[in-house]
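**Student:** Here the sequence shown is numbered in our numbering, starting from 97 and rising by one per residue. The following block contains the structure, expressed as structure tokens.
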Amino acid sequence: MSRIFTRIDNFTRSEFWFADGNIVVVSGHSAFKVHRGQLERHSEVFKDLFSIPQPAIQDLYDGCPWVELYDAPADILFLFTALYDGLYFKKPNAQNFLAVAAVLRLSTKYLIEHLRQRCLIHLGLDWPSTLEGWDLREKDAVDDAGRYSPRDTCPHPILVINLAKELDLSHLLPAAFYDLSRYGPRRIVSGTPNPALSCSPPPDSSSPESQTLYLDRDELRMILNA
Numbered sequence: 097m098s099r100i101f102t103r104i105d106n107f108t109r110s111e112f113w114f115a116d117g118n119i120v121v122v123s124g125h126s127a128f129k130v131h132r133g134q135l136e137r138h139s140e141v142f143k144d145l146f147s148i149p150q151p152a153i154q155d156l157y158d159g160c161p162w163v164e165l166y167d168a169p170a171d172i173l174f175l176f177t178a179l180y181d182g183l184y185f186k187k188p189n190a191q192n193f194l195a196v197a198a199v200l201r202l203s204t205k206y207l208i209e210h211l212r213q214r215c216l217i218h219l220g221l222d223w224p225s226t227l228e229g230w231d232l233r234e235k236d237a238v239d240d241a242g243r244y245s246p247r248d249t250c251p252h253p254i255l256v257i258n259l260a261k262e263l264d265l266s267h268l269l270p271a272a273f274y275d276l277s278r279y280g281p282r283r284i285v286s287g288t289p290n291p292a293l294s295c296s297p298p299p300d301s302s303s304p305e306s307q308t309l310y311l312d313r314d315e316l317r318m319i320l321n322a
């Protein structure tokens, strides 16, 4: 038994473990037994990955060949959920961001265009590039009782700014920075209070990241006041 097989044998089976699955995808300490055809149908990258010739003698996991991906297990789970169950958003909700970010990140990486476009449309509604779109976004932030609660409908702008910079989505930045400019310095540094969003801890106020945030915020105000 190989060293790698010993390691994989100790992984945790995820909720995506189909009895009739024919490929095991390993990510971190999680394993997903899914259908090769389902992944190949939506992604040329997966199709090419699975077509790579394997050694004549290959270790199997639960009777299936396996492949290791170096993405976060939670992101893989969101991607497989979208591929199998679809990606639906009934109404604007800040808690949707974790799924949207994960699916957008991996659909970009694995060239799953229909999921990528759906995520971009969703983010474009929350962070529009037109005044008309912003007015609609603000209208959606008013609940049935007439209470203005944008933090319930849209994620913290810092999360969106980080994602936009990571994936080169510059069209999201003006609205996100404008929203950030409405925060006070203490609220910027404190980050998002929503525990459902598993974001990194906010940077220390003396860190370069925090100083960059303040600089961007001040520069934006200068632009808006010009």
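Glycine included, C-beta positions come from ideal geometry on N, C-alpha and C.
Given a cut-off of 9 angstroms, decide if L200 and H138 are closer than it, judged by their beta-carbon atoms.
**Tutor:** Along the sequence shown, one-based indexing puts residue 138 at 42. Along the sequence shown, one-based indexing puts residue 200 at 104. No, the pair does not count as a contact, with Cβ atoms beyond the cut-off.
**Student:** Of all the options A115, E140, N106, which has the alpha carbon lying nearest to the alpha carbon of L207?
**Tutor:** To locate residue 207, count along the sequence shown from 1; it is residue 111. If we check each option's Cα against that of L207, E140 comes out closest.
**Student:** Could you tell me if T108 is buried or exposed, where buried requires 16 or more neighbouring beta carbons within 10 angstroms of its beta carbon?
**Tutor:** Counting from 1 along the sequence shown, the entry for residue 108 is found at position 12. So T108 counts as exposed.
**Student:** So, V163 versus L145, is the Cβ gap smaller than 9 angstroms?
**Tutor:** Translated into the one-based positions of the sequence shown, residue 163 becomes position 67. Translated into the one-based positions of the sequence shown, residue 145 becomes position 49. Result yes, Cβ atoms of V163 and L145 sit closer than 9 angstroms.
**Student:** Rounded to whole angstroms, what's the CA-CA distance from E228 to I172? Just pull it up for me.
**Tutor:** As a working note, residue 228 is residue 132 in the sequence shown. As a working note, residue 172 is residue 76 in the sequence shown. The alpha-carbon separation between E228 and I172 amounts to approximately 35 angstroms.
**Student:** Please state whether DSSP places L265 in a helix, a strand or coil.
**Tutor:** Residue mapping note: residue 265 aligns to position 169 of the sequence shown, counting from 1. If DSSP states are grouped into helix, strand and coil, L265 belongs with coil.
**Student:** Between the C-alpha atoms of A195 and L219, what's the straight-line distance to the nearest angstrom?
**Tutor:** Sequence index remark: in the sequence shown, residue 195 carries index 99 (1-based). Sequence index remark: in the sequence shown, residue 219 carries index 123 (1-based). A195 and L219: Cα-Cα distance of roughly 12 angstroms.
**Student:** Less than 9 angstroms separating the beta-carbons of L216 and R233?
**Tutor:** Along the sequence shown, read from residue 1 onward, the residue named residue 216 stands at position 120. Along the sequence shown, read from residue 1 onward, the residue named residue 233 stands at position 137. For L216 and R233, no; Cβs fall outside 9 angstroms.
**Student:** Could you tell me which of D181, K186, L156, L175 sits nearest to E197, measuring between CA atoms?
**Tutor:** Looking up residue 197 in the sequence shown gives position 101. Contrary to the premise, residue 197 reads as Ala rather than Glu in this sequence. When only C-alpha atoms are compared, the closest one is L175.
**Student:** Please name the residue in G159, W223, E136 whose C-alpha comes closest to that of S203.
**Tutor:** In the sequence shown, counting from the first residue as 1, residue 203 sits at position 107. Among G159, W223, E136, the Cα nearest to that of S203 is on E136.
**Student:** State yes or no: is the C-beta of I193 within less than 9 angstroms of the C-beta of L255?
**Tutor:** In the sequence shown, counting from the first residue as 1, residue 193 sits at position 97. In the sequence shown, counting from the first residue as 1, residue 255 sits at position 159. Position check: residue 193 holds Phe in this sequence, whereas Ile was assumed. In contact: F193 and L255 (Cβ atoms closer than 9 angstroms).
**Student:** Three-state secondary structure (DSSP) at C250?
**Tutor:** Counting from 1 along the sequence shown, the entry for residue 250 is found at position 154. Coil, per DSSP.
**Student:** Could you name each continuous beta strand (DSSP E) segment of 3 residues or more that falls completely within the region 182-250, going from the start of the chain to the end?
**Tutor:** none
**Student:** Which residues in the same chain have their Cβ closer than 7 angstroms to the Cβ of S280, if we skip the five residues on either side of it in sequence?
**Tutor:** Numbered from 1 along the sequence shown, position 184 holds the residue referred to as residue 280. It should be pointed out that residue 280 corresponds to Gly in this sequence rather than to Ser. Counting only Cβ-Cβ distances below 7 angstroms, and skipping sequence neighbours, we find nothing.
**Student:** In the DSSP output, what is S110 paired with across the bridge?
**Tutor:** Locating residue 110 in the sequence shown gives position 14, where the first residue counts as 1. Under DSSP, S110 forms no beta bridge with any residue.
**Student:** Mind reading off the beta-carbon distance from W223 to A271? Whole number of angstroms is fine, and I expect it under 8 angstroms.
**Tutor:** What you label residue 223 is simply residue 127 of the sequence shown in a count that begins at 1. What you label residue 271 is simply residue 175 of the sequence shown in a count that begins at 1. Sure, about 4 angstroms apart at Cβ, within 8 angstroms.
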